[in-house]
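Quick note: the sequence shown, position 210, residue 210 per full-length UniProt numbering, numbers continuous.
Reviewing the structure listed below.
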Amino acid sequence: MPKVRIVYYINQFFGGIGGEEHAGHLFEVKNGPVGPGALLEKLLGNECGIEKTIVCGDNEFNEHEGENIKKILEVIKQVNPDIFVAGPAFTSGRYGLACMKACVAVAENFGIPCVTGIHPENPGAGLQEKQQHVYAVPVGKSAATMKSAIQLFSDLISKIVLNGENGLSVGDGFLSRGIRKNVKVADGAPKRACEMLLNKIKSLPFQSEIAAEQYEVIVPPQPIKDLSKAKIALVTEAALVPEGNPDGIQAARADKWAKYSIKKTDDFVEGSFHSVHGGYDSKWVDKDPDRVLPLDALRYYAQNSEVGQVCEYIYVTCGSMGHVLTMEKIGKEIADQLLKEQVDGVILTAT
């Protein structure tokens with residue numbers, strides 16, 4: 001019996017089922033390594049063995065995500081592996097999301113190391129943030145880099161086997177998870193800071209201990225020339241939702257958004273919409289939702305021909321404690337909808 005037991009998740013393509021025409025391939029479990037798992041097992045040698053390989057089509061996984069994650073968790077429960085592996089997904093969006101979500105689910109439910117590979121531009125990149133047991137190694141854009149990707153898997157798994165998770169750091173080749181740990185070092189902070197500053201002054205290499213956030217620079221658009229002919233939409237991060245919160249917008253760390261028709265609504269009244277935002281006292285908004293999304297004022301200007309038209313939908317998410325990458329994704333998805341609605345301008349409210 002191998003010292004370390006692995007369960008491996010791959011999609012229909014790398015599972016040898018077929019291409020896009022088989023993206024609906026149903027969840028199945030195979031014994032031993034399949035596809036890239038064979039190379040991984042060879043590289044790991046006698047220290048590890050792949051017990052089971054899970055194969056699931058990209059469409060099948062994403063269209064029935066909840067069901068398939070439950071099936072993965074059931075396999076993990078039955079096999080009781082030491083490590084879970086998924087991918088690598090390269091830039092494939094559906095596959096990347098599946099690999100990352102599977103890893104997050106296994107890590108949260110079983111607390112075992114979960115290793116995957118993803119290109120930084122993949123939509124799934126970033127889901128490893130704050131996940132204690134999820135390790136995503138950066139890989140190339142396509143399967144042409146499969147061999148090097150599996151080598152990265154092997155190197156990282158070997159380090160986990162040798163030193164455990166506590167012995168890992170970002171220098172071991174995985175994408176940052178935004179997790180900082182207290183460790184003992186020989187030199188105190190003042191000395192380390194001075195050495196870093198001197199290296200910077202001398203144009204020598206140095207590494208900050210805190211990663212600086214990089215934000216996209218947004219160029220402001222030109223002003224709307226004639227508001228009387230413009231179509232204006234209302235968008236908010238204030239988590240304003242109909243009674244019952246039908247789309248399940250989260251009160252914090254939201255990863256979803258929703259749109260709601262206001263075609264027959266001229267004024268938000270108490271009881272029609274309410275806020276589920278977890279970052280402010282929403283009682284005053286619940287009493288009059290126009291306070292956070294001014295539909296009544298926008299209708300007034302439209303009725304007086306100062307605004308050409310009001311978009312038939314409002315677009316809503318929750319910004320409380322939102323992850324920057326997730327908010328960027330939500331913003332782009334809402335922007336695509338606004339373009340389809342041929343909107344000329346947006347009133348975006350924030351709390």
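Backbone N, C-alpha and C fix where the C-beta goes; we use that ideal spot for every residue, glycine too.
Quick caveat, the model's predicted, so the values are computed rather than measured.
When rounded, the separation of the alpha-carbon atoms in GLY35 and ALA86 is 12 Å. Looking at the DSSP output, GLU270 bridges to PHE273. Leaving aside the five residues that flank PRO123 on each side, the residues in its chain whose CB is nearer than 8 Å to its CB run, in chain order, GLY93, GLY96, LEU97 and LYS329. If you look at PHE84, you'll find it in the beta strand (DSSP E) that goes 83-86.
Where SER261 is concerned, the enclosing beta strand (DSSP E) starts and stops at 258-261. Out of TYR313, SER305 and ALA254, the CA that lies nearest to the CA of LEU227 is found in SER305.
Here ALA125 has ILE118 as same chain residues with Cβ atoms under 6 Å from its own Cβ, once five neighbours each way along the sequence are excluded.
Annotation for PRO242: no alpha helix (DSSP H) segment contains it, though the beta strand (DSSP E) segment containing it runs 240-242. As for any alpha helix (DSSP H) of minimum length 4 sitting wholly inside the segment 184-243, the runs are 189-201, ordered along the chain. The secondary-structure analysis by DSSP pairs PRO138 across a beta bridge with ILE118.
The alpha carbon of LEU40 has as its nearest neighbour, out of GLN131, ASN245, ARG5 and SER275, the alpha carbon of ARG5. For the options VAL235, VAL139, ALA239 and LYS70, the alpha carbon positioned closest to that of THR91 is the one of VAL139.
Judged by DSSP secondary structure, TYR8 falls outside any alpha helix (DSSP H) and instead within the beta strand (DSSP E) spanning 4-11. C-alpha of SER208 to C-alpha of ALA89: approximately 30 Å in a straight line. Look at the segment 281-322 and you find these whole runs of beta strand (DSSP E), each 3 residues long or longer: 309-316. For THR53, the enclosing beta strand (DSSP E) stretches over residues 48-56. Using a Cβ-Cβ distance cut-off of 8 Å, the segment 257-272 and the segment 211-224 are not in contact, since fewer than three pairs of beta carbons, one from each stretch, lie closer than that value.
A residue is called buried once 16 or more other Cβ atoms fall within 10 Å of its Cβ, and VAL217, having fewer, is exposed.
With respect to the 9 Å criterion, VAL106 and ALA233 are not classified as neighbours on the basis of their beta carbons.
The C-beta distance from ILE54 to VAL75 rounds to 6 Å, short enough to meet the 8 Å contact threshold.
Cβ neighbours of GLY24 within its own chain (closer than 6 Å, five residues either side excluded): GLY57, ASN59 and GLU60.
Residue state for THR145 is assigned as helix, using DSSP reduced to three classes. Annotation for ASN68: the continuous alpha helix (DSSP H) segment containing it runs 65-79.
The alpha-carbon of ILE17 is positioned some 41 Å away from that of MET321. For GLY49, the closest of ILE10, MET100 and ILE157 by C-alpha to C-alpha distance is ILE157. Ranked by how close their Cα comes to the Cα of ALA239, the residues GLY45, ILE314 and TYR135 have ILE314 in first place.
Just measuring C-alpha positions, the residue of ASN11, GLY188 and CYS114 sitting nearest GLN131 is CYS114. GLN128 counts as buried, since at least 16 other C-beta atoms from the protein chains shown sit within 10 angstroms of its C-beta. In the DSSP annotation of this structure, the continuous segment of the alpha helix (DSSP H) that includes ASN109 starts and ends at 93-110. The three-state reading of DSSP puts GLY167 in helix, counting H, G and I together. The shortest C-alpha to C-alpha distance from GLU51 to any of VAL241, LYS30 and GLU65 is the one to LYS30. Selection ILE83, ASP82 and ALA102 evaluated against HIS64 yields ALA102 as nearest (Cα-Cα). Counting only residues of its own chain and dropping the five nearest sequence neighbours on each side, VAL310 has a CB closer than 7 Å to the CB of ILE232, LEU298, ARG299 and ALA302. The closest CA to that of SER142, considering only GLU121, SER154, ILE160 and ASP155, is found on GLU121. In this structure GLU47 touches LYS3 by the C-beta definition: roughly 5 Å separates them, less than 8 Å. Among the bridge pairs identified by DSSP, THR349 is matched with THR236.
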